[in-house]
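The structure under discussion appears below in the form of structure tokens.
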Amino acid sequence: MPVKTALVVEGGAMRGIFSAGIMDQFLEEQFNPFDIIIGVSAGSINAAAYLADHKGRNFEVYTNYSLHPEYISLKNFLKGKHFIDLDWLWQVTEKELPINTDLLFKKNIDFEIGFTKNESGEAFFLNPNAENLSHYLKASCTIPLFYRNYLKVDGQVVSDGGVAAPIPVERAYEKGATRIMVLRSRPESYRMQNGFEFKLANLMFSKHKGLLEAIKNRYKVYNRSIDFIKNPPKGVEIIEICPPEHFKTTRFTQDYQTLITDYEIGKNMGKIAIEKFYQL
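Note that full-length UniProt numbering gives residue 3 to position 3 of the sequence shown, counting from 1, and the numbers run on in steps of one.
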């Protein structure tokens, strides 16, 4: 029975510059041995560009479009608008940086995008097609609070896929993968704490009980996924690729030079990831 391989891509908003660099390096080296690719939030966009052979696409998004004042704006947020204006970003990048769906869906790869159900707080995953890809990617990136709208997918009101399934490595295992590469957006030492963001959720999401529970439990789910990575089931090999401890990009970084530096770190880690894959 052949080994089934999977690539799992964590989100993290601007921290996605790291996996963008990794997958651009993959494209440079024509490295794509995966049967399954699963992405959530920013990780799903990076995965889509990778599948469409669009090297540099998301580098441009992170280092150009994401730095426009129309995209991330505290001023707008205080006026009751979005802190992260996905509507603006999607409108401009769909026009100027479209993802080639013909190339993406020509590949015989099981590509899934993750979402969080607002009603139940559960994670769920769907395979996109050419018609709904853009909407699915956007829906998976709708960070609660910072983007004020709620989108529907498959009849469900949803939020950012990284809430209920921040690192969907267990999903890859459920789908039969026994060799899994996980692209993280946090250093290896990171463990999530139950902090301010979780307390704020009580005030903001009382009408979305499931989402509220998912936000409250996110740190537990996140840390459980790390435990799974460190101690996989028998017969499962996991390659974990993390940014180094000196990685500086945060969720909302707006400094161009920091993003350039961390993209290059991602590209270098892409070379290491390929070596690790062939060493197993």
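Where a beta carbon is used, it is the ideal one built from N, C-alpha and C, also for glycine. Given the structure is predicted, the values throughout are model-derived calculations rather than measurements.
Item	Value
Could you give the distance in angstroms between the alpha-carbon of glutamate 240 and the alpha-carbon of lysine 207?	37 Å
So valine 221 packs on proline 166, CB below 8 Å; how close in whole Å?	6 Å
DSSP state of phenylalanine 252, grouped into three classes?	coil
Given leucine 103, which residues of its chain have a CB within under 6 Å of its CB, disregarding the five upstream and five downstream residues?	Ala52, Asp53
Let me check understanding here. Comparing Cα to Cα, which of Glu94, Glu96, Pro233, Pro69 lies closest to aspartate 85?	Pro69
Check the DSSP bridge columns for aspartate 160 and list the partner residues they point to.	Phe115
Is the separation between the beta-carbon of valine 92 and that of alanine 47 shorter than 8 Å?	no
Can you list the beta strand (DSSP E) stretches of 3 or more residues lying completely in the stretch 20-81, in chain order?	36-40
Would you say threonine 258 and lysine 267 are within 8 Å of each other, going by their C-beta atoms?	no
Sorted by chain position, which residues of the same chain lie with C-beta nearer than 7 Å to glycine 176's C-beta, five sequence neighbours on each side aside?	Lys4
Among Glu170, His135, Pro144, Ala164, which residue has its Cα nearest to the Cα of valine 153?	His135
In the DSSP assignment, what residue or residues form a beta bridge with threonine 5?	Arg179
Excluding the 5 residues flanking leucine 151 on each side, which residues of the same chain have their C-beta closer than 8 Å to its C-beta?	His135, Lys138, Ala139, Thr142, Val157, Val158
Taking C-alpha atoms, which residue in Asn231, Ile229, Glu264, Tyr256 lies nearest to proline 244?	Glu264
For residue 288, which three-state DSSP category applies?	Any property of residue 288 remains undetermined from this structure, which presents the chain solely from 1 to 280.
Alpha helix (DSSP H) containing glutamate 213: first to last residue?	209-230
Is the number of C-beta pairs between the stretch 15-27 and the stretch 97-115 that are closer than 8 Å three or more?	no
Can you tell me the Cα-Cα spacing of threonine 178 and asparagine 231, whole angstroms?	13 Å
Considering only the beta carbon of each residue, do alanine 13 and arginine 251 sit closer than 8 Å?	yes
Is it buried or exposed for aspartate 227, if we count other Cβ within 10 angstroms and need 16 for buried?	exposed
Take methionine 23 and list the residues in its own chain whose beta-carbon comes closer than 6 Å to its own, dropping the five residues that flank it on each side.	Asn46, Tyr50
So is lysine 117 buried or exposed if we call it buried at 16+ other beta carbons inside 10 Å?	buried
Spatial neighbours of arginine 218 within its chain, please: C-beta separation below 8 Å, excluding the five flanking residues on both sides.	Val163, Ala164, Pro166, Met192, Phe198
Using beta-carbon positions only, say whether valine 40 and glycine 114 come within less than 8 Å of one another.	yes
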